[in-house]
Amino acid sequence: MPVRKARLFTAVSLDGCLLDEMDWLPDTRGQSFLFDTHVWEKLEPGLDANGQITVLSPRPVRHSTGVQFDTRDAAECLRALKDQEGKTIWICAGPKTIHKLMKADLIDEYELVVVPELRGSQVRLFKAGIPSMPLTLKRVSESDGLVCLSYERLR
Numbered sequence: 000m001p002v003r004k005a006r007l008f009t010a011v012s013l014d015g016c017l018l019d020e021m022d023w024l025p026d027t028r029g030q031s032f033l034f035d036t037h038v039w040e041k042l043e044p045g046l047d048a049n050g051q052i053t054v055l056s057p058r059p060v061r062h063s064t065g066v067q068f069d070t071r072d073a074a075e076c077l078r079a080l081k082d083q084e085g086k087t088i089w090i091c092a093g094p095k096t097i098h099k100l101m102k103a104d105l106i107d108e109y110e111l112v113v114v115p116e117l118r119g120s121q122v123r124l125f126k127a128g129i130p131s132m133p134l135t136l137k138r139v140s141e142s143d144g145l146v147c148l149s150y151e152r153l154r
């Protein structure tokens, strides 16, 4: 039975606040993605769905060819996706969904794009109440002042 990896991919300010802009998303062609409604509603309507795209939502948000809408709990949905054949699942979600998946210990990799600005009192990426999780640094890259940090969950 396959167990695919799940990679959280998000952008944060230097002080750990989530960004609302979506121009940091990677190329979606041929990839597997899990979005929540919070992020999906902000995406361009012309997003290339030439891959597996699942959106956590009780109903379709807008007509999107090749996009599956899933009404299950985030953890239940991700467990099911991890049991399917395919590539790494990229998770692009808001703080509530991220918190649920972290509490269920379903995220295998963390890829954070750090944007060189301070946001102050906006929504933080990590909420109180998540368990301690040892991580190991896999990669660091920089482009135009953005720093990408890639960590893997130690198990």
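In numbering that gives the first Met the number 0, the protein residues as written are 0 to 154.
For each residue, glycine too, the CB sits at the ideal point set by N, CA and C.
Listed in chain order, the non-local C-beta contacts of G85 below 7 Å within the same chain comprise R3, S31, Q51, local neighbours out to five positions each way being set aside.
In the three-state reduction of the DSSP assignment, R6 falls in the strand class, which pools E and B. In the same chain as H37, and ignoring 5 residues on each side of it, the C-beta atoms closer than 8 Å to its own belong to A92, G93, K95, T96, in chain order. From the listed residues L100, C147, S142, K81, the smallest Cα separation to I129 is found for L100. For R118, there is no enclosing beta strand (DSSP E), as DSSP marks it with neither H nor E.
For C16, no alpha helix (DSSP H) segment is defined, and its DSSP state is neither H nor E.
Judged by DSSP in its simplified three-state form, E75 adopts helix. For E84, DSSP assigns no beta-bridge partner whatsoever.
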